[in-house]
Amino acid sequence: MAPAGLQQVVVAGGGIGGLAAALACARQGVPVQLLERAAQLSEVGAGIQIGPNVTRILQAWGLGDALAQVAAFPKRLQARDARTGQVLGSLRLGERAQALYGAPYATIHRADLQAMLHTAVQAAGVDVRLSQTVQGWRETAEGLAVTTAQEVAAGAAQPRGEGAATVPPLMADALIGADGVWSAVRQQLLGDAPARFTGHLAYRALVAQADLPTHLRSDEVTVWMGPRLHVVHYPVRGGQWLNLIAIVHGEKPAQAEAWDSAGHTQSLMQAMGAVGADLHERLVAVPAWRQWALHDRAPMAGTHEMAQGRVALLGDAAHPMRPYLAQGAGMAIEDAQVLGLCLSAEAGSVAERLQAYAEQRWARNARVQARAMRNGRIFHATGPVAWGRNLSMRLMGERVMDVPWLYGSPSPVHSPA
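Under our numbering, the sequence shown has 18 at position 15, and the numbering climbs by one with no breaks.
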C-alpha cells in the first residue's frame with residue numbers, strides 16, 4: 004500500500020543516483036516512475052570506489068550477492084609520491100574495514116553498479132521510461148504537472164484548433180531531480196549559476212590486467228600524489244581490469260560539459276611534468292585515455308538546496324563534488340536511502356517529508372564536499388605543504404588516511420513530526 008498522499012513520485016534521471024532513489028522508494032512501497040533522457044541506460048567506462056558507508060546500504064537493499072559478483076574488494080589502499088615512487092603510507096581495507104564498519108570497501112565499474120541497480124529497480128516494479136527528458140514542472144490543484152521535452156515536442160506537432168487532441172501532462176505528488184550536474188530540475192528550483200569548472204581535468208582508462216606486464220598489475224588501491232596532480236588506480240570487475248584516473252590542472256576545454264571526450268597520453272604527460280619511473284611506466288602502458296572536465300559547487304548552505312515544497316534534489320544535482328574523497332556516487336546512494344525512508348513516513352505532508360530528507364542530508368553532504376576540496380589541495384600540494392603531508396603520512400599512516408566519521412554507522416533517519 005502506498006504511503007498516505009503518494010500516488011506517484013517521478014524521479015528525473017536514470018544514473019546511479021536516480022536508480023538508487025527509485026529503488027529506495029519502491030522498497031518502501033512508494034510508487035515510482037523514473038524518466039531518463041537516454042534511449043538506453045549506460046554509464047561512462049570508469050570505475051568508482053564505494054566505501055563501507057555505501058556497501059552497507061547496498062547489502063541492506065539485498066544487493067550484497069550481486070555486488071560480490073561484479074566488484075573487487077581491495078585489501079589495502081597505498082599512498083605513494085608521484086615523483087619519487089616512495090610509499091608514504093597505507094590503510095588496511097579488506098577484513099579491517101569489515102570488522103570496523105560492518106561492511107566491505109569495494110571498487111566497481113560504474114556500468115556494473117548501474118546495471119545492478121537497474122535490475123533491482125525492474126524487479127521492484129518501478130516504471131522506467133527511456134527517451135524522456137524532464138524539463139521542469141508546474142503546480143496545479145492536482146499536484147505537479149511534470150514537463151518533458153518529448154511532451155513539448157509532441158504538443159507542438161499536434162494540429163491546432165477546435166477539437167484538436169492535447170498531450171496529457173505527467174502528474175506527480177513529488178518530483179526528485181537526480182538529473183546530474185547540469186540538472187534542469189535544479190535550474191527551475193533554485194535558478195542559480197551553472198556548476199563551476201574546478202580547473203582540474205580528469206583522464207581515465209580501463210586496461211585488462213592480462214594485457215599488462217605482471218609487475219604493473221594490481222589488486223590494491225594506489226594513490227600517487229604530486230605537485231598539481233594525482234593518479235589513482237584500482238581493480239574492477241573481480242580484479243580482471245585495472246581502472247586508472249589521472250587528474251591534472253588545466254584550461255577549461257571547449258566542450259566542458261562533455262563526459263566522454265578523447266584524451267591523449269602526450270597531453271597528459273605534458274600536464275603532469277616529470278614523474279617517477281614506476282608511475283611513468285603505468286601511464287604509458289595505457290592504450291587510450293578518455294578525458295572530462297571536473298565541475299563542482301560550493302558546499303551546501305542549507306536545506307533549501309535539497310528540497311522546496313514537493314520538489315527535491317539528489318546526488319550531483321544537489322551537491323556535485325570533487326572526486327578526492329571518492330564519495331560522489333556514495334552520497335547519492337546515501338541520499339536515496341534517506342529519501343525512501345522519509346517519503347514512506349505516514350506523518351506529515353509530502354513537502355514536510357521532503358523537508359525532513361533535506362534536514363538529514365544537507366550538512367553531511369556539505370561536510371563531504373568540503374573534505375573532498377581539502378583532500379584535493381593536499382593531494383596536489385607543493386613545497387612545504389607537500390613535505391608536511393608526506394611526513395604526517397609516514398608517521399601516522401592509517402590514523403590520517405582513515406575516515407571513521409564517513410564510513411561508520413550513520414545516524415538514524417527521523418520521520419517528520
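Glycine included, C-beta positions come from ideal geometry on N, C-alpha and C.
Here Arg293 carries a strand assignment [DSSP, helix/strand/coil].
With respect to the 8 Å criterion, Leu204 and Ile248 are not classified as neighbours on the basis of their beta carbons. In chain order, Val47, Arg293 place their CB closer than 6 Å to the CB of Asp263, counting only its own chain and leaving out the 5 sequence neighbours on each side. Contact check for Val131 against Gln125 passes: the beta carbons are separated by less than 8 Å. Straight-line spacing of the CA atoms in Trp227 and Ala187 works out to 36 Å. Glu142 and Ala148 have their alpha carbons spaced roughly 6 Å apart. The alpha-carbon of Arg374 is positioned some 31 Å away from that of Ala69. Assignment of Arg199 by DSSP, reduced to helix, strand and coil, places it in the strand class. Annotated three-state conformation of Thr87 is coil, per DSSP.
Residue environment: Gln89 is assigned as exposed (fewer than 16 neighbouring CB atoms within 10 Å of its CB, all protein chains considered). For Pro256, the closest alpha carbon among the candidates Ala277, Ala296, Pro230, Met275 is that of Ala296. Contact between Leu316 and Gly180 holds, since their C-beta atoms are separated by about 5 Å, short of 8 Å.
Fully contained in the stretch 57-86 are the following alpha helix (DSSP H) runs of length 4 or more, in chain order: 67-73. Pairing Leu192 with Trp140, the inter-Cα distance amounts to about 10 Å.
Unbroken beta strand (DSSP E) stretches of 3 residues or longer found wholly inside the stretch 231-296: 232-239, 244-252, 264-266, given in chain order. Gln311 is the residue among Gln311, Gln212, Val155, Gly241 whose C-alpha sits nearest the C-alpha of Gly194. Counting other Cβ atoms within 10 Å of its Cβ, His218 stays below 16 and is therefore classed as exposed. Taking 8 Å as the cut-off, the beta carbon of Ala74 is found closer than this to the beta carbon of Ile111. Remark: C-beta atoms of Asn246 and Ala118 do not approach each other more closely than 8 Å. Ser270 and Ala23 have their alpha carbons spaced roughly 36 Å apart. Residue pairing for Asp299: DSSP places it in a beta bridge opposite Arg199. Annotation: Leu215 is outside any beta strand (DSSP E) and is labelled neither H nor E by DSSP. If you draw a straight line from the Cα of Ala100 to the Cα of Pro55, it is about 7 Å long.
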